[in-house]
Amino acid sequence: MLLTTLYLVASLASPPPQGAPVKVVTSLTTYGAIAREIVGARGTVNSIAQGDEDPHFVQPKPSFVALLRDANLFVTTGMDLELWVPALLDRANNRDVAVGGRGYVTAYTGIDLLEVPVTVSRAQGDIHAVGNPHIHTDPLNAILIARNILRGLERVAPEDAEYFRTREADFERRVLEATMGAELVGILTPETAINLLRTNQLLPFLSRTMLHGHPLMNQLGGWLKAAEGFRDKEMACYHKEWVYFSRRYRVTCIEYVEPKPGIPPTPRHVQAVIRLMRERNIPVLMASNYFSRSQIRLVAERTGAKAVIVPENTHGAPGVDTYFQLMDTWITQLAAAFR
Numbered sequence: 006m007l008l009t010t011l012y013l014v015a016s017l018a019s020p021p022p023q024g025a026p027v028k029v030v031t032s033l034t035t036y037g038a039i040a041r042e043i044v045g046a047r048g049t050v051n052s053i054a055q056g057d058e059d060p061h062f063v064q065p066k067p068s069f070v071a072l073l074r075d076a077n078l079f080v081t082t083g084m085d086l087e088l089w090v091p092a093l094l095d096r097a098n099n100r101d102v103a104v105g106g107r108g109y110v111t112a113y114t115g116i117d118l119l120e121v122p123v124t125v126s127r128a129q130g131d132i133h134a135v136g137n138p139h140i141h142t143d144p145l146n147a148i149l150i151a152r153n154i155l156r157g158l159e160r161v162a163p164e165d166a167e168y169f170r171t172r173e174a175d176f177e178r179r180v181l182e183a184t185m186g187a188e189l190v191g192i193l194t195p196e197t198a199i200n201l202l203r204t205n206q207l208l209p210f211l212s213r214t215m216l217h218g219h220p221l222m223n224q225l226g227g228w229l230k231a232a233e234g235f236r237d238k239e240m241a242c243y244h245k246e247w248v249y250f251s252r253r254y255r256v257t258c259i260e261y262v263e264p265k266p267g268i269p270p271t272p273r274h275v276q277a278v279i280r281l282m283r284e285r286n287i288p289v290l291m292a293s294n295y296f297s298r299s300q301i302r303l304v305a306e307r308t309g310a311k312a313v314i315v316p317e318n319t320h321g322a323p324g325v326d327t328y329f330q331l332m333d334t335w336i337t338q339l340a341a342a343f344r
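Dropping the structure here:
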């Protein structure tokens, strides 16, 4: 009887069964950072594009093929951002991570896409036929991307599914708390908070809802609170990678230095942007750090605007290794520029 009792106690104290380490490869470092939050100690995560590299234009290498050939899970946007991915998958010849395979994950699944074109024409530049693919710049989308990665992990490593679910739920909680503050998440509950974010009704809801005689807006914290300094303000942007960020934090890009995706700006267009920024007294020009810094600084100097040059993805600058550090960087630098 004593031996049976000791066996039961030992069984309850033992960690859940652990399978072979899962090997995850992602197209972008930000997807890798999110995957790492979920995978934890149960696998490895490698990314193909560098954090400070334009994800539109990645040069395929044999080492990328080797990574994919050995992978259990591959995470890519699933739109037409990484046009270099199909060739790599063909050369890797790994059925698990091929399109439709159990280890193939599209990050955009379930996300409300912006800038979906009615018609597609090459005259519009390197246009994205199914919508704007820079989806990770909204923290709600980071949660939805994490859920997509979790579903893929459950398929390829079911023996570790409970471990992955626990870590993914913890990531969701931390993203919500970082977005609006832990106190507000506790009042609303996570699912209510997510639904309000998805419908873009969080701020209106907080403004009209009272708690102990005070607007619930008083409880707002996190990134949304820190973004108050540029909410409902205007800025210029270099490229259209900030549309999801703009919607979430209510800051408008009124014009783009690169007018058509993938087509370098002409001197005439740059001058038109400068004139508009002067006329509207636009104080900030926001750009990713893989674009021409000389072009960005030229426009900023001629308009008196502050240039906010930031990494679009994790590992794109020193000290920006997690999704939280990435969003902190965007919010902090933009808020400082608007002061």
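Under our numbering, the residue at position 290 of the sequence shown is numbered 295, and the numbers go up by one with no gaps.
Don't be surprised by glycine CBs; every beta carbon is placed ideally from N, CA and C.
From a predicted model like this one, the values you see are computed outputs, not experimental measurements.
Check                                                                                                                        : Outcome
Of the residues ASP57, ARG280, ASP117, PHE62, the one placed nearest VAL90, counting alpha carbons only                      : PHE62
Any 3 or more C-beta pairs closer than 8 Å across the segment 61-77 and the segment 181-195                                  : no
Touch test, the segment 268-275 against the segment 161-179, Cβ-Cβ under 8 Å, three pairs minimum                            : no
Buried versus exposed call for HIS320 [16 or more other C-beta atoms within 10 Å across all chains shown]                    : buried
Classification of THR9 by the beta-carbon crowding that lies within 10 angstroms, buried from 16 upward                      : Annotation note: pLDDT 39 at THR9 (below 50); position unreliable, no value reported.
Spatially closest choice to THR124 from GLY136, GLY115, ALA292, LEU118, by CA coordinates                                    : GLY136
Identity of the residues DSSP links to THR111 by a beta bridge                                                               : THR81
Length of the line joining the Cα atoms of ILE116 and THR142                                                                 : 12 Å
Coarse secondary structure for ALA342, derived from DSSP in three states                                                     : helix
LEU33 to HIS219 span [Cα, whole Å]                                                                                           : 43 Å
Beta-bridge pairing of HIS220 - partner residues as DSSP gives them                                                          : According to the sequence provided, residue 220 is Pro. The question's His does not apply to it. DSSP output for PRO220 lists MET215 as bridge partner(s).
Chain-order list of residues whose beta-carbon lies under 7 Å from that of THR327 (same chain, five-residue window excluded) : ALA38, THR319
Rounded distance between the beta-carbons of ILE43 and PHE176, thought under 8 Å                                             : 6 Å
Residue range of the beta strand (DSSP E) that includes ASN318                                                               : That residue, ASN318, is in no beta strand (DSSP E); it is neither H nor E in DSSP.
Where THR337 sits in the DSSP three-state scheme                                                                             : helix
Host beta strand (DSSP E) of ILE259 (start-end)                                                                              : 256-261
Residue span of the beta strand (DSSP E) that contains VAL50, given as start and end                                         : 48-52
Identified DSSP bridge partners for LYS28                                                                                    : THR49
Outcome for VAL14 when other beta-carbon atoms lying within 10 angstroms are tallied against a minimum of 16                 : Confidence in VAL14 is poor, its pLDDT being 40 and thus under 50, which makes the residue's placement too unreliable to answer from.
Reference SER212, options GLY186, LEU225, HIS244, closest by Cα                                                              : LEU225
From PHE235, THR214, ARG179, ASN294, residue whose alpha carbon lies closest to that of PRO288                               : PHE235
Between the CA atoms of PRO67 and LEU119 - distance to the nearest angstrom                                                  : 34 Å
Extent of the continuous beta strand (DSSP E) to which SER297 belongs                                                        : SER297 -> no beta strand (DSSP E), and no H or E assigned at all.
Reference ASN77, options LEU93, ARG107, ASP85, closest by Cα                                                                 : ARG107
Inter-residue spacing [alpha-carbon to alpha-carbon] between LEU339 and ALA46                                                : 35 Å
Three-way DSSP call (helix, strand, coil) for LEU1 in this model                                                             : No answer is possible for residue 1: it lies beyond the span of the chain, which begins at 6 and ends at 344.
Where LYS230 falls: helix, strand or coil (DSSP)                                                                             : helix
ALA312 vs ASN294 beta-carbon contact at 8 Å                                                                                  : no
Within 8 Å, strictly: CB atoms of ILE314 and ARG298                                                                          : yes
Counted within 10 angstroms of its Cβ, other Cβ atoms place GLU188 as buried (16 or more) or exposed                         : exposed
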